[in-house]
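J.: Right, I'll just put the structure down here and ask away after.
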Amino acid sequence: MIRSIGKYSLLICTLVFISFNSFSQDSIVMNLHLRQDSAMYRFTPKKLIIPGIFIAYGVASMHVKPLERLNQSTHNEVVEDHPSKNNLDDYTRYLPAAMVYGLNAFGVNGKHNFKERTILFATSQIILGATTLSAKHFAHEERPDQSNDYSFPSGHAAMAFANAQFLFREYHDSNFWLSLAGYPIAIFTGTYRIINDKHWVGDVVAGAGFGILSTEAAYWLYPTISKWFAKKDKQASAMILPYYQNNTIGLSLVKLL
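Residue numbering for the sequence shown follows the working numbering, starting at 322 and increasing by one per position.
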């Protein structure tokens, strides 16, 4: 099992490394900020390559025999070896996003202020929830442990990689090595979804693609969405934002500083 999991982790690490080459404050201040950093929010087709490969691999793993066999052989080794299971992956998926807010709280400032990054984060989570839930209901793939038919894609892996991409986007200009810290955490999360017998390899790879793409889409949409918030009452002390957790979408109250 360790050999199969190692191959999977190496695949993710390699593709994530390649992706680094592809993903290279009121209304007046906000508009100036957007003009200065317009390249950060600009859509470029090359940014679709890595998440597209991940998602395509996941889809192919349900239909292409060699990839189906890889899914099954990895599952068989997990069952045979009976590795220790834990629920750390339920928490590590949040860690890269928590790092963004924690680092800013301790003075290690990222690209955006609290309000801006919260808009970006919320947008990413909305897109993530909509796309992964839709895909789960469309694919109806049974989980390895046969608990339900919502295996594809992995929501945990999707969230972990969305949050890792969020950390990367916020810090890659100011502290490149720090910006990479979320990816090992995301890989750990995805690997443990397989070890815990909740997902096939292809589900996790596709989840990584959905996660990265969701965060990228949030940055592409940010200039438009920021204008909506600029028109709101500037005296508002809080805002309601949606969230995605455990395959459900809800609302949360966020205090604006």
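C-beta: ideal position from N, C-alpha, C; glycine also.
Report the residue from Met-383, Arg-438, Arg-363, Pro-366 whose alpha carbon sits nearest the alpha carbon of Asp-524.
T.: Against the sequence shown, residue 524 aligns to sequence position 203. For Asp-524, the nearest C-alpha among the options comes from Met-383.
J.: Among Pro-372, Leu-488, Tyr-471, which residue has its Cα nearest to the Cα of Gly-298?
T.: Since the first residue of the chain shown is 322 and the last is 578, residue 298 is not available in this structure.
J.: Determine the DSSP secondary structure at Gln-318, reduced to helix, strand or coil.
T.: Any property of residue 318 remains undetermined from this structure, which presents the chain solely from 322 to 578.
J.: Taking just the CA atoms, how far does Asp-410 sit from Gly-317?
T.: Residue 317 lies beyond the range of the chain shown here (322 to 578); nothing can be said about it.
J.: Please classify His-403: does DSSP put it in a helix, a strand, or coil?
T.: Start at 1 with the first residue of the sequence shown, and residue 403 comes out as number 82. The answer is coil: DSSP assigns His-403 none of H, G, I, E or B.
J.: At the level of alpha carbons, what is the spacing between Ala-377 and Gly-428?
T.: Residue mapping note: residue 377 aligns to position 56 of the sequence shown, counting from 1. Residue mapping note: residue 428 aligns to position 107 of the sequence shown, counting from 1. Approximately 40 Å between the Cα atoms of the pair.
J.: Looking only at its own chain, which residues have a Cβ that is under 7 Å from the Cβ of Thr-510, when we skip the five neighbours before and after it?
T.: The sequence position of residue 510 within the sequence shown is 189, counting from 1. Asp-410, Thr-413, Arg-414, His-477, Ala-478, Ala-481, listed in sequence order.
J.: Could you tell me the distance, in whole angstroms, from the CA atom of Leu-424 to the CA atom of Leu-369?
T.: Against the sequence shown, residue 424 aligns to sequence position 103. Against the sequence shown, residue 369 aligns to sequence position 48. The straight-line gap from Cα to Cα measures roughly 28 Å.
J.: Considering Trp-541, what are the terminal residues of the alpha helix (DSSP H) in which it resides?
T.: Here the question's residue 541 lines up with position 220 in the sequence shown. Its alpha helix (DSSP H) spans residues 522 to 551.
J.: Please name the residue, chosen from Asp-518, His-493, Phe-489, that lies closest to Tyr-317 on a Cα-to-Cα basis.
T.: Here the chain comprises residues numbered 322 to 578, so residue 317 is not present and cannot be evaluated.
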